[in-house]
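Going by the working numbering, the final residue of the sequence shown carries number 419, and the count climbs one at a time with no gaps. Structure record follows, encoded as C-alpha cells.
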Amino acid sequence: MNALQALTERRTIRLFQQRPVADADLATVINAARVTSCASNRQPLRYIAIRTQPLVDQVLAETAWAALVAPKRTPVPGKTAPAAFIAIIAPADAKPITYADAGASIQSMQIAAWTLGLGCCWLGAIKRENLHNILNLAPEKQAIFLLAIGYPAEQPVSEDVAGDASIAYYLDDANRLHVPKIRLEDLVDWR
Ligand SMILES: Cc1cc2nc3c(=O)[nH]c(=O)nc-3n(C[C@H](O)[C@H](O)[C@H](O)COP(=O)(O)O)c2cc1C
Numbered sequence: 229m230n231a232l233q234a235l236t237e238r239r240t241i242r243l244f245q246q247r248p249v250a251d252a253d254l255a256t257v258i259n260a261a262r263v264t265s266c267a268s269n270r271q272p273l274r275y276i277a278i279r280t281q282p283l284v285d286q287v288l289a290e291t292a293w294a295a296l297v298a299p300k301r302t303p304v305p306g307k308t309a310p311a312a313f314i315a316i317i318a319p320a321d322a323k324p325i326t327y328a329d330a331g332a333s334i335q336s337m338q339i340a341a342w343t344l345g346l347g348c349c350w351l352g353a354i355k356r357e358n359l360h361n362i363l364n365l366a367p368e369k370q371a372i373f374l375l376a377i378g379y380p381a382e383q384p385v386s387e388d389v390a391g392d393a394s395i396a397y398y399l400d401d402a403n404r405l406h407v408p409k410i411r412l413e414d415l416v417d418w419r
C-alpha cells in the first residue's frame, strides 16, 4: 500500500476484533508520530501505550463514540473494544500550535497503523480530568487526545457528495458506516 492509498482509503474504525496488537506494531505507529513535523521542532508531545487490562477498559469508559449513530459504534468491552489506546500527552496549558502538532502526529499514527492492517479512532470527546487520574499524570500534563487502535471489525466506506449535501455519517441496512466527503471541486478555489 502506498502513501496515497493509505491516505484516501483509511477510515475511522470503531469496532475491533478481540485480538492484541503486537508491541512492535504499536512502537512502529508511535515512531511515525515521533518523526512528524512539529512547530520549531520543539517536540512537546509524549505518548502512553495502553494495552493491558483492566487499564484499556478503564480508559474506554472515559470516551464517547460516534454520537450520530450511537450506540451502534460504541465499542463494548470484551466484544468490540480496541486492543489498545495511545494517549497523546501535552502540557496542560497547551497553546493552539501544540494542538496542531498533536493533529499532525495523530494523522501520522493513523496512516502508519492503516498500512499495518490496523484501524484507529481519534478521540477528542474524552473525560480529561478522569484520564489525568487514571493515567497518573503530573499536574502540568494532560491527555490532549486518545487514539484507539486495533484490528478492524468493520469496513466503513467514504462517498463523495456535493458541497450542499448532507455530510452526516450514517449506517446502512447492513450496518455499514458511510462517511460522506465533500467532493474536490466544491472544496478548492483554483486561482
Ligand atoms: C479532532 C478529532 C476528534 C475526534 N473525536 C472523536 C470522538 O471523540 N469520538 C469518535 O467516535 N470519533 C472522533 N473523531 C473521528 C471523526 O468522527 C471521524 O474522523 C469522522 O467521522 C470522519 O471519518 P473518517 O476518519 O473515516 O474520515 C475525531 C476526529 C478528529 C479529527
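Each residue gets a CB set at the ideal place from its N, CA and C atoms; glycine is no exception.
Check: Where do the ends of the beta strand (DSSP E) carrying Glu-382 lie?
Finding: Here Glu-382 belongs to no beta strand (DSSP E), and DSSP marks it neither H nor E.
Check: Buried or exposed: Trp-418, going by 16 or more other Cβ atoms within 10 Å of its Cβ?
Finding: It is exposed - the Cβ of Trp-418 has fewer than 16 other Cβ atoms within 10 Å.
Notebook entry, point to check: Counting only runs that start and end within the region 293–359, where is the alpha helix (DSSP H) found for 4 or more residues in a row?
Noted result: 324–343
Item checked: Span separating the alpha-carbon of Ile-372 from that of Met-229 -> Looking at the two C-alpha atoms, the distance is approximately 30 angstroms.
Checklist line | For Ile-278 and Gly-347, believed in contact at Cβ under 8 angstroms, the rounded distance | finding: Their Cβ separation, rounded to whole angstroms, is 16 angstroms, which puts Gly-347 and Ile-278 out of contact at 8 angstroms.
Next item on the list: Go through the residues and name those whose CB comes closer than 5 angstroms to any heavy atom of ligand 1, in chain order.
Entry: The set, ordered by position in the chain, is Arg-239, Thr-240, Trp-293, Ala-294, Trp-350, Leu-351, Gly-352, Ala-353, Val-407.
Next item on the list: Measure the CB-CB distance between Gly-378 and Val-249 and report whether it falls below 8 angstroms.
Entry: Gly-378 is a Cβ neighbour of Val-249, given a cutoff of 8 angstroms.
Checklist line | Exposed unless 16 or more other CB atoms sit within 10 angstroms - verdict on Lys-325 | finding: First, the amino acid is wrong: residue 325 is Ile here, not Lys. The residue in question, Ile-325, is exposed, as its Cβ has fewer than 16 Cβ neighbours within 10 Å.
Note to self: Could you check whether Ile-316 and Leu-375 sit closer than 8 angstroms to each other, using their CB atoms as the reference points?
What the structure shows: If you check the CB distance, Leu-375 and Ile-316 come in under 8 angstroms.
Next item on the list: Count the other CB atoms, across all protein chains shown, that sit within 10 Å of the CB of Ala-318; report buried if there are 16 or more and exposed otherwise.
Entry: buried
Check: Would you call the region 329–346 and the region 261–268 in contact, with 3 or more CB pairs under 8 angstroms?
Finding: yes
Check: Quick one: is Leu-243 buried, meaning 16 or more other Cβ sit within 10 Å of its Cβ, or exposed?
Finding: Here Leu-243 is buried: its Cβ has 16 or more other Cβ atoms, across all protein chains shown, within 10 Å.
Item checked: Beta-carbon gap between Pro-272 and Asp-329 smaller than 8 angstroms -> yes
Item checked: Local Cβ density within 10 Å of Thr-291, reported as buried at 16 or more and exposed below that -> buried
Check: Unbroken alpha helix (DSSP H) runs of length 4 or more, entirely within the region 243–288: which are they?
Finding: 251–262, 283–288
Checklist line | Simplified DSSP assignment, three categories, for Thr-240 | finding: Thr-240: coil per DSSP, three-state reduction.
Item checked: Gln-370 - partner residues in DSSP beta bridges -> Ala-318
Checklist line | Ile-410, DSSP secondary structure in three states | finding: strand
Check: Going along the chain, which residues of its own chain have a beta-carbon closer than 6 angstroms to the beta-carbon of Asp-253, five neighbours each way excluded?
Finding: Leu-344
Check: Considering only C-alpha positions, which residue in the set Thr-256, Pro-282, Ser-394 is nearest to Ile-362?
Finding: Pro-282
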